[in-house]
Amino acid sequence: DGGITQSPKYLFRKEGQNVTLSCEQNLNHDAMYWYRQDPGQGLRLIYYSQIVNDFQKGDIAEGYSVSREKKESFPLTVTSAQKNPTAFYLCASSIMVMGNQPQHFGDGTRLSIL
Amino acid sequence: AQKITQTQPGMFVQEKEAVTLDCTYDTSDPSYGLFWYKQPSSGEMIFLIYQGSYDQQNATEGRYSLNFQKARKSANLVISASQLGDSAMYFCAIDDGGATNKLIFGTGTLLAVQP
Chain U
243 DGGITQSPKY LFRKEGQNVT LSCEQNLNHD AMYWYRQDPG QGLRLIYYSQ IVNDFQKGDI
303 AEGYSVSREK KESFPLTVTS AQKNPTAFYL CASSIMVMGN QPQHFGDGTR LSIL
Chain G
8 AQKITQTQPG MFVQEKEAVT LDCTYDTSDP SYGLFWYKQP SSGEMIFLIY QGSYDQQNAT
68 EGRYSLNFQK ARKSANLVIS ASQLGDSAMY FCAIDDGGAT NKLIFGTGTL LAVQP
């Protein structure tokens with residue numbers, strides 16, 4: 243079945259360590275997105291990519307980095323510069339046709355600080 | 008910039024009754040889309056329904072309907088015949104009206120369906 247796969251489901255980070263969250267989609271979608279969700283809050287956009295080898299900062303990009311080397315993959319690295327990384331991270335993808343297309347989400351990764 | 012406001016942090020509804028979840032929005036774009044998502048306790052975001060700003064009729068998808076009042080800038084979600092499985096967080100979102108498909112989300116409403 244087509245869908246979005248995020249891994250791992252749970253991730254623990256030590257102080258000063260970079261960690262990478264995986265996001266893979268087989269929906270043949272052009273656009274991919276990373277969101278952060280804190281308890282009791284909505285989703286905030288970290289980065290997005292509309293095409294391979296191109297990506298744009300969202301509203302809270304500081305302390306994060308991404309790459310888009312393949313259409314199917316959009317990994318997110320949480321760097322040591324992100325001082326409060328504990329959150330639920332959701333990856334999404336959508337068709338890029340004149341906007342107004344629903345985003346489809348993965349099951350998320352819960353990141354915690356050790 | 009776009010903004011979504013959901014003023015109901017939590018709601019209760021009896022099983023089999025209808026419930027309305029409020030959503031108001033703010034945007035300066037003439038063309039935009041409004042979305043509702045459901046997030047169960049497991050965390051995944053499930054797309055429920057979409058309304059385009061130029062759509063003449065309110066969107067419906069099974070038990071979900073969207074009460075779109077453009078002049079009031081509101082896009083309330085109506086769930087008919089509530090089921091226990093409807094208990095979840097519900098998020099309203101708006102896109103940026105351009106070609107990026109970026110979504111701005113509200114803070115959500117927690118719906119609890121009681122037997």
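Read top to bottom, the protein sequences are chains U and G.
Under our numbering, the first residue of the first sequence carries the number 243, and numbering increases by one thereafter.
Under our numbering, the first residue of the second sequence carries the number 8, and numbering increases by one thereafter.
Here a beta-carbon is modelled for each residue, glycine too, at the ideal position from N, C-alpha and C.
Quick one: which residues of the region 278-304 of chain U get their C-beta closer than 9 Å to a C-beta of chain G? List them in chain order. Closer than 9 Å at the C-beta level to chain G, one finds these residues of the region 278-304 of chain U: Gln279, Gly282, Gln283, Gly284, Leu285, Arg286, Leu287, Tyr290, Gln292, Gln298, Gly300, Asp301.
According to DSSP, is G:Gly92 part of a helix, a strand, or is it coil? The answer is helix: DSSP assigns G:Gly92 an H, G or I state.
So, using beta-carbon positions, are G:Phe42 and U:Gln283 closer together than 9 Å? Contact flag unset, no.
Chain U within 9 Å of G:Gln11, Cβ atoms only: The sequence given here places Ile at residue 11 of chain G; Gln does not occur at that position. For G:Ile11, the answer is yes, since a Cβ of chain U falls inside 9 Å of its Cβ.
Taking a Cβ distance cut-off of 7 Å, strictly less, list which residues of the region 39-72 of chain G are near chain C, in chain order. Of the chains in the structure shown, none is chain C; the protein chains are U and G.
Would you check if the distance between the CB atom of U:Gln324 and the CB atom of U:Gly348 is smaller than 9 Å? No.
Check the Cβ-Cβ distances between G:Ala95 and every residue of chain U, and say whether any is below 9 Å. Output row for G:Ala95: interface = no.
By a C-beta neighbour count over all protein chains shown, 10 Å radius and 16 as the cutoff for buried, is G:Pro37 buried or exposed? That one is exposed.
Between U:Leu353 and chain G, is any beta-carbon pair separated by less than 9 Å? At a cut-off of 9 Å between beta carbons, U:Leu353 makes no contact with chain G.
Burial state of U:Phe254 (16 or more Cβ within 10 Å): Taking all protein chains shown into account, U:Phe254 has fewer than 16 neighbouring C-beta atoms within 10 Å of its C-beta and is therefore exposed.
Are the C-beta of U:Gln377 and some C-beta of chain G separated by less than 9 Å? Nothing can be reported for residue 377 of chain U, as the shown portion of chain U is limited to 243 through 356.
Integer-rounded CB distance, given that G:Arg70 should sit under 8 Å from G:Ala88: So it is a contact: roughly 6 Å between Cβ atoms.
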